[in-house]
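Mapping to this note's numbering: the sequence shown position 17 is 76, numbers consecutive.
Read through the structure below, which is laid out as structure tokens, and then see the notes.
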Amino acid sequence: MGALKCAGHTLNLVVQNTLKSQQAISRCVGAARTLVEHFKKSELASTKLKVKQRHMGTKENMLLQDVCTHWNSTYAMLSRLQEQRWPVTATLSDPEVTQRGKHYLDLKSDQWSLIEELNQVLEPFHSATVFMSGEQYVTLSALPHVVDKIKKSLQSQNLESPPVVSFQTHAKEQVTTRWKDLGEFKPESPNITLLAASLDPRFRKLKFLPADQAFGVKNALQTMALAVKQQLGPTGCGNEASSTAEGAPSTAHKDKMTTSFLDSDSTSSDEEQDEEQLSNEAIQNEVLAYFGEQSLPKKDGPLIWWKANE
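Right, here's the structure in full:
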């Protein structure tokens, strides 16, 4: 099994690299950052913004400054700016607050439009990052589903701004490249993330995989289940040492030896093979039944389900 990548860090790399690759977006984010810095440094502008918020019935939320090393903070900054667009514009237009030479601080109309569309594209990344950073629930098994949702969100949104459309294309390429191992299952080197997803009853239908790849995962689980059964032995308890003293066969063992000698013409070997086959078929049917059941709702906990169905 190879090393598992941190999903949150990988998402951060995808968005950071894609943001930097689009000059128009980089300039817009830079202008937004300068605008927020102005309100952070000017007590007058900050106070006047609160007045405008009350007059316009807007939430009295503060503007947020981003941190260059955390793309989620950039999304938070742009999202808050979009929410406060009109109070911000009204404050900057107030001659008592903004000197004539500083009206350039306000964003242009096309920049506001770009921010609105960019926020739509970034929102799924933000939600995915928050979810994958959780510590109170399992996350590895959900990763293939999360990555698939991000890809679909990048394809489904019909946006008009060329820089944002280019962002979508570049981001999808980045996601596909960085998680290419989630789209193909190799029996000779099984992907632990795909196996975890298949054992999560929320994602057991493996809808994020092509049919042939999903079939391979199911076959691999059947093989693994049979291997575990063989390791445990016929009793399901493994090969345990006998508690009988060495050299002193138990009564049950003596009886078995006697029966074996007297019944040497029996078909016990065939019967054992039949039992073995029936046992293997039972395990295979159990695995197939698991995959045939309805998926667990996404809000439910897979560990609770397994505890109830062990």
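Think of the CB as a built atom: it goes at the ideal place given N, C-alpha and C, for glycine as much as any other residue.
Quick one, are the C-beta atoms of residue i and residue j less than 8 Å apart?
{"i": "V95", "j": "L78", "result": "no"}
{"i": "L291", "j": "T252", "result": "no"}
{"i": "A279", "j": "P246", "result": "yes"}
{"i": "Y349", "j": "R261", "result": "no"}
{"i": "L173", "j": "P222", "result": "yes"}
{"i": "A151", "j": "L164", "result": "Note that residue 151 is Leu in the sequence shown, not Ala. Yes; because the gap between Cβ atoms is below 8 Å, this pair is in contact."}
{"i": "K100", "j": "V156", "result": "no"}
{"i": "L112", "j": "E102", "result": "Strictly speaking, residue 112 in this sequence is Gln, with Leu absent from that position. Not closer than 8 Å, so no."}
{"i": "N71", "j": "Q233", "result": "no"}
{"i": "K277", "j": "S338", "result": "no"}
{"i": "W365", "j": "L355", "result": "no"}
{"i": "Q81", "j": "F226", "result": "yes"}
{"i": "L218", "j": "Q179", "result": "yes"}
{"i": "L213", "j": "A201", "result": "no"}
{"i": "L166", "j": "A104", "result": "no"}
How would you call residue i, buried or exposed, if buried means at least 16 neighbouring beta carbons within 10 angstroms?
{"i": "D359", "result": "exposed"}
{"i": "L63", "result": "exposed"}
{"i": "L181", "result": "buried"}
{"i": "D169", "result": "exposed"}
{"i": "Q336", "result": "exposed"}
{"i": "F98", "result": "buried"}
{"i": "Y134", "result": "buried"}
{"i": "W238", "result": "buried"}
{"i": "P220", "result": "Reading off the sequence shown, one finds Ser at residue 220, where the question assumed Pro. Its Cβ being crowded by 16 or more others within 10 Å, S220 is buried."}
{"i": "V126", "result": "exposed"}
{"i": "L347", "result": "exposed"}
{"i": "V74", "result": "buried"}
{"i": "P154", "result": "exposed"}
{"i": "G351", "result": "exposed"}
{"i": "M115", "result": "exposed"}
{"i": "M136", "result": "buried"}
May I have the straight-line CA-CA distance separating residue i from residue j, to the nearest angstrom?
{"i": "L254", "j": "S132", "result": "33 Å"}
{"i": "E142", "j": "V110", "result": "16 Å"}
{"i": "G67", "j": "G275", "result": "28 Å"}
{"i": "Q281", "j": "S138", "result": "47 Å"}
{"i": "Q124", "j": "Q216", "result": "27 Å"}
{"i": "C87", "j": "E175", "result": "12 Å"}
{"i": "G242", "j": "V205", "result": "13 Å"}
{"i": "A149", "j": "A83", "result": "25 Å"}
{"i": "T235", "j": "L285", "result": "34 Å"}
{"i": "R92", "j": "W130", "result": "13 Å"}
{"i": "Y196", "j": "D259", "result": "12 Å"}
{"i": "T228", "j": "W171", "result": "21 Å"}
{"i": "C65", "j": "E369", "result": "30 Å"}
{"i": "S192", "j": "D207", "result": "18 Å"}
{"i": "E345", "j": "L265", "result": "17 Å"}
{"i": "M283", "j": "Q343", "result": "10 Å"}
{"i": "F244", "j": "P203", "result": "12 Å"}
{"i": "E334", "j": "S186", "result": "51 Å"}
{"i": "E340", "j": "V224", "result": "52 Å"}
{"i": "P146", "j": "Q158", "result": "17 Å"}
{"i": "L140", "j": "A367", "result": "47 Å"}
{"i": "T303", "j": "E194", "result": "Model confidence at T303 stands at a pLDDT of 44, short of 50, so the residue's coordinates are unreliable; what they give is reported in the following sentence. Looking at the two C-alpha atoms, the distance is approximately 48 Å."}
Please identify the residue among the options whose C-alpha is closest to the C-alpha of residue i.
{"i": "T188", "options": "Q179, I209, G351", "result": "I209"}
{"i": "P361", "options": "Q272, S257, L268, K288", "result": "S257"}
{"i": "D240", "options": "F267, L218, S225", "result": "F267"}
{"i": "K211", "options": "G89, F184, E194", "result": "F184"}
{"i": "W117", "options": "R144, Q343, L265, H129", "result": "The sequence shown places Thr at residue 117, not Trp. The candidate whose alpha carbon is nearest that of T117 is R144."}
{"i": "T128", "options": "P146, T69, S186", "result": "T69"}
{"i": "K390", "options": "F190, S85, P146", "result": "Here the chain covers residues 60 to 369 and nothing more, so residue 390 does not appear."}
What are the uninterrupted segments assigned as alpha helix (DSSP H) that are 4 or more residues long and contained completely in the segment 199-275, given in chain order? 202-215, 221-237, 251-257
Quick check on the DSSP output: what are the complete alpha helix (DSSP H) runs of length 4 or more inside the segment 71-145, in order along the chain? 82-100, 102-115, 130-142
In chain order, what are the residue ranges of uninterrupted alpha helix (DSSP H) at least 4 long that sit wholly in the segment 150-192? 168-191
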